[in-house]
Structures are given as structure tokens and as C-alpha cells.
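Peer 1:
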Amino acid sequence: MTPQFGRACFFGLDHSPEGGIKSYRAQVAEGIRRDGAIRRLGYLVRANYAYNYIWWFKTRSNDPARIARLGKVERLLKQPFAARRPRTERAAEFDNADFHFASGMLDPALLQKFAGDLYAAGRYNEPYRPEFEHVGRPEESDSPFLYMLPQTLFENETFLEICSSQALIDFCREALGPKAAMSWAWSWISQPSQAPYQNQNWHRDAAEPLNFVRVFIPLQAIETRADGPTELIPGTSGMREFYEIRRFSDAELEPTKAAKGAGVVLAEPGDVYFVNTFALHRGTPPAKRRALLTLLISLSPSHRTPSIRKLSLREVPERLRPAIRANKSFFRHLIR
Ligand SMILES: O=C(O)CCC(=O)C(=O)O
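Quick note: to get the working numbering, add 681 to the position in the sequence shown (first position is 1).
Have a look at this one:
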């Protein structure tokens, strides 16, 4: 995601960090969140920290060398006792390639169940158009992207079960370290469209925390270009070119693609791919509907994280509690 950031600012109770995310006040009005003086103060502190930390350190200059230096400092501060090097061979490969593919990591039946919930959600929004909302079936809309509402997603039982996968959590920890935590998630349907829309153009995710991994979970088979695969130029996260916060054309990137080898990610249901999306990447417009779940895992909160209404463990289905208890730190922004 690459929202346009303005200047550092005071992040108030009416402020939304991204299209489709409700402000504190809107959440209170809709009964999503409880209000109170202490709650308001806590939210303001967390939201201002998260928003201004990203603005100040990151979008001030998106230079990869600077971000790598700051990222090292963050790792040291957040997890001083953790090894500095990636903890496994596959995590070291991920560091070089910006990509790790895990075949059959998740149960396809679970993903099919979640895809059913996404298609039946009945209400959708979109981060790129704050005013957009669709109420109804996906096929009744011709909007290119239909996103599940954030809090609906975070409270979805199947979503929580997918995120409780120990194999998925383990890889995130290998790549980022023990303080890796889920700090946001998106699930959306890409609809067929003629021209590439928003993140279907080459870009780098510039507004994410200093140390982060995006986890991509296709909710159906991605077998050909018509299925709308993610496309990536591996090993470009550290590249000193093309780091302005904008979209890039194919023509501009042709030499880089030839040198580094761009590729689309094909996957079966159950496959998961982990991407450092500070590398150049894009979605591709599908010829038929494509459903995807993607998680943001990071050491620091994202500017969106304080908008999550945390669940208490009692609100989570009992069968998921042992896995969540065993990975408390991973779920720290989601579950109290
Ligand atoms: O839709 C995809 O496959 C890629 C999405 C993407 O580029 C993004 O979320 O930043």
C-alpha cells in the first residue's frame, strides 16, 4: 500500500489513517469501540506514535540505504537480545531475494471457508477511495477492488485460525526476529478490469514500518496470468534506484527486469508466499475474480494498527486460544 503522506501531524480522533479505516469517533458511533477519557488518551498516544514514527523516519526519505540503517537500529532497540543475522537458511535467502515460497503451508479447506466469508461479506470498501462503499454481492459491483471491512476481518474466526498457523508464525519470526507481530491485514477481491488499477502498477510499499514482511495467502489457485498473480522483481528492496513514492511503468523498469528477472507468483490453495514488498512488485489485473488475504507483520506498529479494536481472549473461539496464548507477542496488537 502506498498512501500519500502529508506532513507530520497531530493525529486526532476524527482522523483515518487510510481509506476504508474508520476514525476513533466513527468506531465509537458505530459501537465498534467503547469510549472513555482513558481510552481516548491511550488511542491518541498510540496513533500519534505510530503515524508520526512512519512519517518522520520513513516517508521523509525513502532511500533504501537510510531505511536499512534505521531498520538495524529498530531491531536493536526492539529485540536487543535477538541474533542480528537471520535465524535460518531460508530466512537468509529471503533477505537476499525478498521472497520465500512455502508450498502447502495452510489447509486449503480453511482458505476456502474464509473465501466464502469474503464473498458473502455484503459490505466492502477500498483503501484508495475513502468515499467508496459497496453494499451487496461482489458481482453487483464493477469496482476493481472490493475489500472486507477491517474490523470484520479482524474478528473473523477463520481469519484468526489462519493467522494462528505455527508454520506461518515461525517463518515471520525467522525473518524478523522474536518480536514479529501482526500489525494489519487486508483481504480483497480483485475484479476483472481493462487497465491496471492502483497496486496493479509497479511500486514499492513505502508506508510500512522499518522492519516488515507481507504474507500473501491466495484464496484460490493462481495458475496463469489470467488468475491475477502478484508480480515481483526479486532482490530490489535494497536498490538505490526507483525509490520515489510513485508508480513505475514497464518501460522504466525494463533494464531492471532483464537484470534481476521479474516473475509472477503461481500458487495452489494452501501455498503462502512471504514478500519484502519494499522490493518492486505489483498485482496483475485478473480476467476473472481473484480473492486474496495478505498480512502485514512487523516489529513496530503500522500507522493503521491503533485502529484495531483488540479482542479479549474470551471473545476468541476456545479451540484457538492455546495457539494464541502460545504466540502472545505475535497477536499483541489484535488480542488482549
Ligand atoms: O494484488 C497483488 O497481488 C499485489 C498487491 C500489492 O501490490 C500490494 O498490496 O501492495
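Each residue gets a CB set at the ideal place from its N, CA and C atoms; glycine is no exception.
For the alpha helix (DSSP H) that contains residue 833, what are its first and last residues?
Peer 2: Per DSSP, residue 833 belongs to the alpha helix (DSSP H) from 831-835.
Peer 1: If you measure from each residue's Cβ to the nearest non-hydrogen atom of ligand 1, which ones come out under 5 Å, in chain order?
Peer 2: Any residue whose Cβ sits closer than 5 Å to a heavy atom of ligand 1 makes the list: 880, 911, 964.
Peer 1: I need the boundaries of the alpha helix (DSSP H) containing residue 724, first residue and last residue.
Peer 2: Taken as a continuous stretch (DSSP letters only), the alpha helix (DSSP H) holding residue 724 covers 718-734.
Peer 1: DSSP beta-bridge partners for residue 962?
Peer 2: DSSP, once it has assigned bridges, lists 884, 913 as partnering residue 962.
Peer 1: So which of 776, 790, 985 has the shortest CA-CA distance to residue 725?
Peer 2: Selected option, being the one with the closest Cα: 985.
Peer 1: How would you write the range of the beta strand (DSSP E) that residue 806 sits in, first residue to last?
Peer 2: Segment 804-806, the beta strand (DSSP E) holding residue 806.
Peer 1: Just the C-alpha distance for residue 683 and residue 754, rounded to the nearest angstrom, thanks.
Peer 2: Reliability fails at residue 683, whose pLDDT of 39 lies under 50, so the model's placement of it is uncertain and the value that follows must be treated cautiously. Their backbone Cα atoms lie some 24 Å apart in a straight line.
Peer 1: For residue 1018, which residues in the same chain have their Cβ closer than 6 Å to its Cβ, ignoring the five residues on either side in sequence?
Peer 2: The requested residue 1018 is not part of the displayed model; the chain covers only 682 to 1017.
Peer 1: Can you tell me whether residue 1005 is buried or exposed, with buried defined as 16 or more other CB within 10 angstroms of its CB?
Peer 2: Buried, by the Cβ-count rule.
Peer 1: Between residue 841 and residue 920, what straight-line distance do the alpha-carbon atoms span, to the nearest angstrom?
Peer 2: Those two C-alpha atoms are separated by around 35 Å.
Peer 1: Rounding to the nearest angstrom, what Cα-Cα distance links residue 859 and residue 821 in this structure?
Peer 2: One C-alpha to the other measures close to 44 Å.
Peer 1: Could you check the C-alpha separation between residue 835 and residue 940 for me, to the nearest Å?
Peer 2: Cα-Cα distance, rounded: 40 Å.
Peer 1: Note down, in chain order, each residue of its chain lying with its Cβ closer than 7 Å to the Cβ of residue 924, except the 5 sequence neighbours on either side.
Peer 2: Around residue 924: 743, 744, 745, 885.
Peer 1: Which one of 793, 732, 839 has the shortest CA to CA distance from residue 902?
Peer 2: Of the listed residues, the one whose Cα sits closest to residue 902 is 793.
Peer 1: Would you list the one or two residues that DSSP bridges to residue 992?
Peer 2: BP columns for residue 992 point to 1016.
Peer 1: Taking 6 Å as the limit between beta carbons, can you name the residues of its chain near residue 785, skipping five residues before and five after?
Peer 2: Cβ within range, chain order: 951.
Peer 1: Leaving aside the five residues before and after residue 698 along the sequence, list all residues of the same chain whose C-beta is less than 7 Å from its C-beta, in chain order.
Peer 2: Answer for residue 698: 732, 984, 985, 988, listed in chain order.
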